[in-house]
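Here is the structure we will look at, set down as structure tokens.
Numbering (our numbering), first residue to last: 1 to 176.
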């Protein structure tokens with residue numbers, strides 16, 4: 001028995017928000033390096049992060065996309081990665097050889113095998129799996145470039161024997 005049986009419950013009712021269970025959230029970081037040379041294999045890397053509150057529990061695929069406009073391009077074959085715990089990171093790498101000089105864009109997508117893949121990991125945010133396109137400057141193959149300096153001596157006398165010389169310089173990008 002109480003002196004007031006009418007005040008045993010709180011008023012008004014409390015609102016309780018029940019959140020979804022903990023989920024992973026995979027993101028791909030900026031691509032490095034930002035330069036390449038025609039005909040030479042370049043290994044691109046990106047840090048894959050699980051910024052979510054749970055492990056992925058299983059492994060997943062990542063892929064690299066190369067384009068000339070930063071929007072559409074070719075999807076390179078995917079690579080697999082093991083499970084990532086909450087807050088964990090791992091580096092994803094993929095090699096590619098450019099066939100012509102110019103400006104290209106490269107991006108990495110986590111938990112996808114290609115641009116149409118929805119992924120195998122259920123995440124808290126499915127819209128942040130790809131890095132922003134990174135601008136890649138691809139230069140022509142490195143070649144030597146030899147130039148000759150002024151010839152000396154520049155004045156000689158008649159019937160003499162002279163040794164002429166000039167400085168040869170390589171102003172190219174690679175050794176002869």
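From the three backbone atoms N, C-alpha and C, an ideal C-beta is built for every residue, glycine too.
Predicted model, so just to flag it, every value in this text is computed and none were measured.
Out of the options, point me to the one whose CA is closest to residue i's CA.
{"i": "residue 145", "options": "108, 176, 161 and 158", "result": "176"}
{"i": "residue 152", "options": "143, 162 and 49", "result": "162"}
{"i": "residue 169", "options": "158, 156, 148 and 157", "result": "148"}
{"i": "residue 131", "options": "52, 57 and 70", "result": "70"}
{"i": "residue 85", "options": "101, 102 and 48", "result": "48"}
{"i": "residue 102", "options": "156, 140, 73 and 126", "result": "140"}
{"i": "residue 53", "options": "125, 72, 22 and 46", "result": "22"}
{"i": "residue 127", "options": "26, 1, 156 and 150", "result": "26"}
{"i": "residue 120", "options": "45, 57, 46 and 14", "result": "57"}
For residue i versus residue j, is the C-beta distance shorter than 8 Å?
{"i": "residue 83", "j": "residue 55", "result": "yes"}
{"i": "residue 133", "j": "residue 106", "result": "yes"}
{"i": "residue 114", "j": "residue 75", "result": "yes"}
{"i": "residue 7", "j": "residue 24", "result": "no"}
{"i": "residue 62", "j": "residue 92", "result": "yes"}
{"i": "residue 136", "j": "residue 43", "result": "no"}
{"i": "residue 167", "j": "residue 143", "result": "no"}
{"i": "residue 99", "j": "residue 31", "result": "no"}
Going by beta carbon distance, what residues of the same chain come within less than 6 Å of residue i, once the five residues before and after it are set aside?
{"i": "residue 41", "result": "95 and 97"}
{"i": "residue 88", "result": "50"}
{"i": "residue 160", "result": "none"}
{"i": "residue 45", "result": "32, 91 and 93"}
Taking all protein chains shown into account, decide if residue i is buried (16 or more other Cβ within 10 angstroms of its Cβ) or exposed.
{"i": "residue 118", "result": "exposed"}
{"i": "residue 123", "result": "buried"}
{"i": "residue 158", "result": "exposed"}
{"i": "residue 165", "result": "exposed"}
{"i": "residue 3", "result": "exposed"}
{"i": "residue 154", "result": "exposed"}
{"i": "residue 14", "result": "exposed"}
{"i": "residue 10", "result": "exposed"}
For residue i, which residues in the same chain have their Cβ closer than 7 Å to its Cβ, ignoring the five residues on either side in sequence?
{"i": "residue 59", "result": "80, 81, 82 and 83"}
{"i": "residue 171", "result": "145 and 147"}
{"i": "residue 90", "result": "48, 81 and 84"}
For residue i, decide whether its Cβ has a neighbour in chain D, counting only Cβ atoms nearer than 8 Å.
{"i": "residue 63", "result": "No chain D appears in this structure, which consists of one protein chain only."}
Take residue i and list the residues in its own chain whose beta-carbon comes closer than 8 Å to its own, dropping the five residues that flank it on each side.
{"i": "residue 138", "result": "35, 36, 37, 38, 98, 100, 101, 102, 103 and 104"}
Stretch-stretch touch, CB-based, cutoff 8 Å, three pairs: the stretch 99 to 116 with the stretch 59 to 73: yes
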